[in-house]
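Okay, so here's the structure we're looking at.
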Amino acid sequence: LSLQESLLLKSLGLSAKPSPKSPIPVPSVLWRIFQKRKMLPAPNKDPADACRVEEFNVPGNIIRVFADQGHFIHSTQPPRLLCLQKRLYFNLSVLEEDESLTMAQLEVKFSHNSYHASSQRQVFELRLYRSSQMVLRGVPSPERGRKLLVGQSFAQLHQSLLFNLTGVAKEWRTHGRNLGLILEISVGGGDAASAPTSEGLRNVCANVDAFLAASLLVVTLNPQQCGAARSRR
Amino acid sequence: SAQHPPVTPSNLCKPRRLYISFSDVGWENWIIAPQGYMANYCLGECPFPLTAELNSTNHAILQTMVHSLDPEGTPQPCCVPVRLSPISILYYDNNDNVVLRHYEDMVVDECGC
Numbered sequence: 001l002s003l004q005e006s007l008l009l010k011s012l013g014l015s016a017k018p019s020p021k022s023p024i025p026v027p028s029v030l031w032r033i034f035q036k037r038k039m040l041p042a043p044n045k046d047p048a049d050a051c052r053v054e055e056f057n058v059p060g061n062i063i064r065v066f067a068d069q070g071h072f073i074h075s076t077q078p079p080r081l082l083c084l085q086k087r088l089y090f091n092l093s094v095l096e097e098d099e100s101l102t103m104a105q106l107e108v109k110f111s112h113n114s115y116h117a118s119s120q121r122q123v124f125e126l127r128l129y130r131s132s133q134m135v136l137r138g139v140p141s142p143e144r145g146r147k148l149l150v151g152q153s154f155a156q157l158h159q160s161l162l163f164n165l166t167g168v169a170k171e172w173r174t175h176g177r178n179l180g181l182i183l184e185i186s187v188g189g190g191d192a193a194s195a196p197t198s199e200g201l202r203n204v205c206a207n208v209d210a211f212l213a214a215s216l217l218v219v220t221l222n223p224q225q226c227g228a229a230r231s232r233r
Numbered sequence: 001s002a003q004h005p006p007v008t009p010s011n012l013c014k015p016r017r018l019y020i021s022f023s024d025v026g027w028e029n030w031i032i033a034p035q036g037y038m039a040n041y042c043l044g045e046c047p048f049p050l051t052a053e054l055n056s057t058n059h060a061i062l063q064t065m066v067h068s069l070d071p072e073g074t075p076q077p078c079c080v081p082v083r084l085s086p087i088s089i090l091y092y093d094n095n096d097n098v099v100l101r102h103y104e105d106m107v108v109d110e111c112g113c
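Chains as they are written, first to last, in the numbering used here: chain A, 1 to 233; chain B, 1 to 113.
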C-alpha cells in the first residue's frame, strides 16, 4: 500500500505524504478562491483558462501561502523614530524545479480594528528592504547589507498592506540566495517632531504593536499538470 | 446477431457513481478541503454494434469487427473515460504552508468505447 500511495502522491505532484506539524489557519484568500472554483461548473470553463488564476490574472495552477519564519530585531540603540524592525523570511525551497513562479505578493497584516482617539491621524512610514548576505554574516551596520525595495506612508492600521514581490522572489529562485527581507515601521509625517520623547514615541508606536503577521502568496505554473501540455503530447 | 446476445442498457458502458473520501485513504490530516468528491468511474460493455451513445472511436468500431471474427484472439473495446473535469484541492504541505492546487482530469463526466 505504501508503494501504491507514494506513486499516487507522485502523480499528484507530491514527493511524500505531508504531515503538518503546526498548521496555520487557512488564509481567507485561498478559501475564497477554493469556494469560487467549487461553485463554477467545470464543463463551461474554457480549457485555456484551466491553468490561469483569474483572481490575479496570471498563469498558474498552484497557489501557496508561506508563513513568515523571520524574527523581530531588537537593537540596543534603535533609530529614534523606529517602532518596529523585523526580519521576514519565506522558505521557497519547496517549489519544484518544473514550476515557474508567476506571482509573489507580500501581505503585512495588522490586528487593529479601531484607533486610539489621540492617534487617528497618525502617519507611519513603512520600509521594506531586501537582505544581502552581509547582514546575515553579522556586519555591524545593517544599512550596508540591505537594499530598499519599498517605502510608503500609511495611516490605517486595521487593514493589510500588499506588496508585489514577484521580481524579488524570481531572483531568490534564480540565484538560490534567499536571505529574506527587513521590515521597518517608524513614525512618519509631521508627527515625528511632535513625539520627541521616548515616552511619546512609545505611545505613538503603540498602534504598530498591533502588527500581526506577514505572509507571502506565491503563484506557480507546473506545465506538466496542465491540459495544454497534455494535449500537445 | 445470433452470436451476440443482447446487452441490457444497465450493462452498457457509462459512468457509475463513485465518491472518493480522503479520510478513507488516510489523507484527512493534510487535505483541508474537499473532504471527498464524486469522482465516478466507467464500467460496462462495448457490444456489437457500437452505437453513437457509446462514444465509440473509429478504432473501437474496427476492433469490435475483428473481435466478432476472432473473439478468442481480440478482446472487445474497453469502456474508458472520454471526458473528465478538474477539481481544486486545498492542503497543507510538509512545511505547514497552505497550498491550493488545480488538478486536471479528476472527475469522470463521460465514458466511451
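For glycine and all other residues, C-beta sits at the position ideal for the given N, C-alpha and C. Nothing here was measured: the structure is a model prediction, and the numbers come from that model.
Could you pull the DSSP bridge partners for residue i from this structure?
{"i": "A:PHE211", "result": "A:PHE110"}
{"i": "B:GLU110", "result": "B:ARG83"}
{"i": "B:TYR41", "result": "B:ARG16"}
{"i": "B:ILE89", "result": "B:ARG101"}
{"i": "B:GLN76", "result": "Note: B:GLN76 sits in no beta bridge, so no partner."}
{"i": "A:THR220", "result": "A:ILE62 and A:LEU101"}
{"i": "A:ARG53", "result": "At residue 53 of chain A the sequence reads Val, which differs from the Arg that was named. DSSP output for A:VAL53 lists A:VAL58 as bridge partner(s)."}
{"i": "B:GLY36", "result": "B:SER21"}
Look at the alpha carbon of residue i and the alpha carbon of residue j, and state the distance between them as a whole number of angstroms.
{"i": "A:SER153", "j": "A:LYS86", "result": "17 angstroms"}
{"i": "B:VAL25", "j": "B:MET106", "result": "16 angstroms"}
{"i": "A:ALA50", "j": "A:LEU82", "result": "46 angstroms"}
{"i": "B:ASP70", "j": "B:GLN76", "result": "10 angstroms"}
{"i": "A:SER22", "j": "B:ASP96", "result": "6 angstroms"}
{"i": "A:VAL204", "j": "A:LEU221", "result": "44 angstroms"}
{"i": "B:PRO9", "j": "B:GLU53", "result": "11 angstroms"}
{"i": "A:LYS109", "j": "A:GLN159", "result": "7 angstroms"}
{"i": "B:GLY36", "j": "B:SER21", "result": "4 angstroms"}
{"i": "A:ILE185", "j": "A:ALA16", "result": "40 angstroms"}
{"i": "A:LEU165", "j": "A:VAL58", "result": "14 angstroms"}
{"i": "B:ILE31", "j": "B:HIS59", "result": "40 angstroms"}
{"i": "B:ARG114", "j": "B:ARG17", "result": "Lying outside 1 to 113, the shown extent of chain B, residue 114 of chain B is not represented and no answer is given."}
{"i": "B:VAL108", "j": "A:GLU107", "result": "38 angstroms"}
{"i": "B:TYR103", "j": "A:GLN225", "result": "7 angstroms"}
Need the endpoints of the beta strand (DSSP E) that residue i sits in, please.
{"i": "B:ALA33", "result": "31 to 33"}
{"i": "A:ILE182", "result": "181 to 187"}
{"i": "A:PHE163", "result": "161 to 164"}
{"i": "A:GLN225", "result": "A:GLN225 -> no beta strand (DSSP E), and no H or E assigned at all."}
{"i": "A:LYS86", "result": "82 to 88"}
{"i": "A:VAL65", "result": "62 to 67"}
{"i": "A:GLN122", "result": "No beta strand (DSSP E) contains A:GLN122, which DSSP labels as neither H nor E."}
{"i": "A:ARG146", "result": "146 to 154"}
Considering only the alpha carbon of each residue, which of the options lies closest to residue i?
{"i": "B:CYS13", "options": "B:GLY36, B:PRO47, B:VAL99 and B:PRO34", "result": "B:PRO47"}
{"i": "A:PHE34", "options": "B:ASP96, B:ASP93, B:VAL108 and B:PRO86", "result": "B:PRO86"}
{"i": "B:CYS78", "options": "B:TYR91, B:GLN63, B:LEU84 and B:PRO71", "result": "B:GLN63"}
{"i": "A:GLU54", "options": "A:VAL65, A:GLY70, A:ASP68 and A:LYS36", "result": "A:LYS36"}
{"i": "A:PHE56", "options": "A:CYS226, A:LYS147, A:ALA155 and A:VAL219", "result": "A:VAL219"}
{"i": "A:CYS179", "options": "A:PRO27, A:ARG146, A:SER100 and A:PRO18", "result": "According to the sequence as given, residue 179 of chain A is Leu; it is not Cys. Considering only alpha carbons, the answer is A:ARG146."}
{"i": "B:GLU185", "options": "A:LEU217, A:TRP31, A:PRO18 and A:VAL29", "result": "Outside the shown range of chain B (1 to 113) lies residue 185 of chain B, about which nothing can therefore be said."}
{"i": "A:ARG127", "options": "A:GLU107, A:GLN105 and A:GLY151", "result": "A:GLY151"}
{"i": "B:CYS113", "options": "B:GLU104, B:GLY73 and B:CYS42", "result": "B:CYS42"}
{"i": "B:VAL99", "options": "B:PRO34, B:LEU50 and B:ARG17", "result": "B:PRO34"}
{"i": "A:LEU217", "options": "A:PHE124, A:ARG130 and A:PHE90", "result": "A:PHE90"}
{"i": "B:PRO81", "options": "B:MET65, B:THR51 and B:GLY44", "result": "B:GLY44"}
{"i": "A:PRO27", "options": "A:ALA67, A:LEU149 and A:LEU148", "result": "A:ALA67"}
{"i": "A:GLY70", "options": "A:SER131, A:VAL168 and A:GLY176", "result": "A:SER131"}
Strictly below 8 angstroms CB to CB, what residues from chain A border residue i?
{"i": "B:ALA196", "result": "Limits of chain B in this structure are 1 at one end and 113 at the other, which puts residue 196 of chain B out of reach."}
Quick one: list the residues of chain B neighbouring residue i, beta-carbon separation under 7 angstroms, in chain order.
{"i": "A:LYS10", "result": "Here the premise fails: no neighbours, minimum Cβ distance about 13 angstroms."}
{"i": "A:LEU30", "result": "LEU90, VAL98 and LEU100"}
{"i": "A:ASN178", "result": "Simply none; closest approach about 14 angstroms."}
{"i": "A:ALA104", "result": "Correct list: empty, because the minimum Cβ distance to chain B is about 13 angstroms."}
{"i": "A:ASN91", "result": "ASN95"}
If the cut is a Cβ gap below 9 angstroms, which residues of chain A does residue i touch?
{"i": "B:ARG17", "result": "Under the 9 angstroms cutoff, chain A gives no residues; its nearest Cβ is about 17 angstroms from B:ARG17."}
{"i": "B:HIS102", "result": "ARG37, ALA50, CYS51, VAL53, GLY60, ASN61, ILE62, ILE63, GLN225 and CYS226"}
Along the chain, where does the alpha helix (DSSP H) containing residue i start, and where does it finish?
{"i": "B:VAL66", "result": "58 to 69"}
{"i": "A:VAL234", "result": "The structure shown does not extend to residue 234 of chain A, since chain A spans only 1 to 233, so no value can be given for it."}
{"i": "A:SER11", "result": "2 to 11"}
Since residue i meets chain B, which of its residues come closer than 9 angstroms, beta carbon to beta carbon?
{"i": "A:SER100", "result": "Those do not exist, as A:SER100 stays about 15 angstroms from chain B at its closest Cβ, beyond 9 angstroms."}
{"i": "A:ILE24", "result": "TYR92, ASP96, ASN97 and VAL98"}
What does residue i reach in chain B if we use C-beta pairs closer than 8 angstroms?
{"i": "A:SER19", "result": "ASN29, TRP30 and ASN94"}
Give the residues of chain A in contact with residue i, contact being defined as C-beta atoms less than 7 angstroms apart.
{"i": "B:ALA33", "result": "PHE34"}
Counting contacts by CB-CB distance shorter than 7 angstroms, is residue i in contact with chain E?
{"i": "A:VAL94", "result": "Absent from the structure: chain E. Protein chains present are A and B."}
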